[in-house]
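Please read the structure below before turning to the comments.
Residue numbers (my numbering): 3 to 400.
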């Protein structure tokens with residue numbers, strides 16, 4: 003792997019791109035509910051359709067490999083950032099149901115392709131012993147940007163009473179400017195290994211696929227139902243939920259790099275085991291919590307465990323054929339989003355019967371993930387992908 007001097011190196015580029023994404027995405031998240039209701043007349047039906055449409059590009063992330071037939075990963079990542087920024091920047095100019103659907107899909111295409119390429123480039127460019135550390139720094143950079151943008155959006159709306167369209171335009175333009183800056187400031191870095199330009203599903207990656215699927219399922223419990231619990235059961239208002247978001251990002255800003263270092267020191271098996279035991283406890287606690295302060299604390303702890311998911315990515319980096327990284331990044335995003343297709347609707351019906359049952363089901367998912375994590379070897383590598391189950395032939399007796 004080439005050695006780069008100065009700040010114009012792949013690690014800095016990855017961190018700057020990670021920081022550029024939330025400048026627009028956090029703006030979109032902060033404005034969505036109010037804008038959709040006040041300006042576009044959304045009801046629960048329309049917001050549900052919009053959230054489903056938003057997940058479709060994530061489900062179709064495997065199509066990134068076809069784009070890579072004509073574009074390099076670095077170029078594709080930066081173009082995706084531009085699409086994300088443009089999608090957010092124009093959202094305020096289309097205050098209708100169809101208009102918001104269209105701008106959301108455009109924004110989501112940029113977001114999901116960028117996240118796919120960011121992961122692929124991180125696993126290609128960064129040495130294995132530093133990957134968890136660098137990914138922790140990327141999470142910290144995202145949290146810093148998110149904190150800044152939540153604060154800026156609040157100031158623009160509450161203090162300066164700026165119209166929604168100009169707030170959207172400001173946040174989207176920041177991402178566009180950042181993308182154009184890094185495009186011009188950094189050279190085109192060479193790929194460490196030529197990438198496979200076709201879709202692949204390898205039998206020896208089965209544990210990685212399973213861990214990725216369960217991670218996506220766990221994400222839905224947090225994003226859809228944990229926040230809803232805070233509102234429905236404990237009466238948290240929008241301002242309090244926003245404060246929880248800010249607290250989550252503030253904690254991540256400081257702890258994500260430390261978690262990256264911890265994963266690098268502990269190894270993937272130990273880190274994932276710790277994560278899933280913690281999640282099991284958190285989900286069971288969600289099911290029975292009666293105190294609003296404790297509930298808020300669980301929400302913050304739950305969010306913190308997201309950083310531990312770095313271990314799934316570094317596990318894959320250690321077992322993968324380097325040529326498979328870009329193709330598998332797209333496939334893994336699709337696998338991660340399979341749960342997003344059915345869990346919100348199915349568990350939404352379960353919620354009507356028993357909200358506690360939703361979180362106990364989440365605890366069961368955490369237990370399944372724990373069983374899977376215990377199958378990760380202490381020293382994963384090609385030929386030693388799992389402790390039990392299918393391994394690549396080179397690990398088998400002659």
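Backbone N, C-alpha and C define an ideal beta-carbon position, used for all residues, glycine too. All values derive from a computational prediction rather than experimental measurement.
Whole angstroms are fine: how far does the CA of residue 178 sit from the CA of residue 38?
Between residue 38 and residue 178, the C-alpha separation is close to 23 Å.
Mind checking which residues open and close the alpha helix (DSSP H) that includes residue 160?
From DSSP, residue 160 is part of no alpha helix (DSSP H); its letter is neither H nor E.
Interface flag, residue 61 vs chain C, CB-CB below 9 Å:
Looking at the structure shown, chain C is missing, and only one protein chain is on hand.
Using 8 Å as the Cβ pair cut-off and three pairs as the minimum, do the segment 150-160 and the segment 25-38 touch?
Contact holds: three or more Cβ-Cβ distances are below 8 Å.
Proximity of residue 265 and residue 313 at Cβ, strictly below 9 Å
Yes, the pair counts as a contact, with Cβ atoms nearer than the cut-off.
Just to confirm, are residue 310 and residue 273 a CB contact at a threshold of 9 Å?
Against a cut-off of 9 Å, the Cβ pair of residue 273 and residue 310 comes out as a contact.
Close beta carbons around residue 64, own chain, < 7 Å, minus the five adjacent residues each side:
Apart from sequence neighbours up to five positions away, the residues of its chain that approach residue 64 with a beta-carbon distance below 7 Å are 201, 332, 333, 336, ordered along the chain.
Closest by C-alpha distance to residue 356, when choosing among 231, 135, 69:
That would be 231, whose Cα lies nearest to the Cα of residue 356.
Restricting to Cα atoms, I'd like to know which of 42, 352, 386, 199 is closest to residue 317.
Comparing Cα-Cα distances from residue 317 to each of 42, 352, 386, 199, the minimum goes to 386.
For the 8 Å Cβ check, are there 3 or more pairs between the segment 46-63 and the segment 339-357?
The segment 46-63 is in contact with the segment 339-357.
Just to confirm my understanding: we take residue 288, look at its own chain, exclude 5 residues before and 5 after, and list those with CB closer than 7 Å. What are they?
Excluding sequence neighbours, residue 288 sits near 228, 231, 300, 361.
Could you say which of 47, 393, 305, 381 lies nearest to residue 131 if we only look at CA atoms?
Checking every option, the nearest Cα to that of residue 131 belongs to 381.
Just to confirm the assignment, what range does the alpha helix (DSSP H) spanning residue 332 have?
Going by DSSP, residue 332 is part of the alpha helix (DSSP H) stretching over 327-355.
Do you know how far the Cα of residue 77 is from the Cα of residue 143?
Answer to the nearest angstrom: the Cα atoms are 21 Å apart.
Applying the criterion that 16 or more other CB atoms from any shown protein chain within 10 Å of the CB defines a buried residue, is residue 68 buried or exposed?
The residue is exposed, with fewer than 16 neighbouring Cβ atoms inside 10 Å.
Identify every residue that forms a DSSP beta bridge with residue 386.
In the DSSP assignment, the residues bridged to residue 386 are 383.
Could you tell me which of 388, 305, 10, 110 sits nearest to residue 211, measuring between CA atoms?
The shortest Cα separation from residue 211 among 388, 305, 10, 110 belongs to 388.
By the three-class DSSP mapping on this structure, what secondary structure does residue 82 have?
If DSSP states are grouped into helix, strand and coil, residue 82 belongs with the helices.
Could you check the C-alpha separation between residue 359 and residue 280 for me, to the nearest Å?
A straight-line Cα-Cα distance of about 18 Å links residue 359 and residue 280.
Cα separation between residue 370 and residue 104?
Our two residues, residue 370 and residue 104, have alpha carbons roughly 37 Å apart in a direct line.
Cβ-based neighbour list, residue 320, same chain, cut-off 8 Å, excluding 5 preceding and 5 following:
So the qualifying residues of the chain are 130, 270, 382, 383.
Cα-Cα, which of 155, 136, 171 is closest to residue 20?
Residue 20 has its Cα closest to that of 136, out of 155, 136, 171.
Inter-residue Cα distance where the pair is residue 252 and residue 124:
Distance between the alpha carbons of residue 252 and residue 124: 24 Å.
Leaving out five residues on either side along the sequence, give the residues of the same chain with a beta carbon under 6 Å from the beta carbon of residue 255.
Here the set comprises 142, 145, 146.
In the structure shown, what three-state DSSP assignment does residue 1 receive?
One cannot answer for residue 1 here, as it falls past the ends of the chain, which runs 3 to 400.
Would residue 277 be called buried (16 or more neighbouring beta carbons within 10 Å of its own) or exposed?
Buried, by the Cβ-count rule.
Rounded to whole angstroms, what is the Cα-Cα separation between residue 209 and residue 375?
Residue 375 has its alpha-carbon roughly 9 Å from the corresponding atom of residue 209.
Where does the unbroken alpha helix (DSSP H) through residue 193 begin, and where does it stop?
For residue 193, there is no enclosing alpha helix (DSSP H), as DSSP marks it with neither H nor E.
With a CB to CB cut of under 8 Å and the five nearest residues on each side skipped, what residues in its chain are close to residue 302?
The residues are 246, 249, 250, 253.
Let's test the definition: count the other Cβ atoms within 10 Å of the Cβ of residue 15 and tell me whether it reaches 16, buried, or not, exposed.
Counting Cβ neighbours within 10 Å, residue 15 comes out buried, since at least 16 surround it.
6 Å Cβ shell around residue 204 - same chain, five flanking residues per side excluded:
So no residue of the chain qualifies.
Using beta-carbon positions only, say whether residue 59 and residue 113 come within less than 9 Å of one another.
Yes, they are a contact pair.
Just verifying my parser: in three-state terms, what is the DSSP assignment at residue 258?
In the three-state DSSP reduction, residue 258 falls in the helix class (H, G or I).
Nearest-angstrom Cα distance between residue 398 and residue 283?
Confidence at residue 398 is low in this model, with a pLDDT of 41, below 50, so its placement is unreliable and the value that follows should be read with caution. Take the alpha-carbon of residue 398 and the one of residue 283: they are about 37 Å apart.
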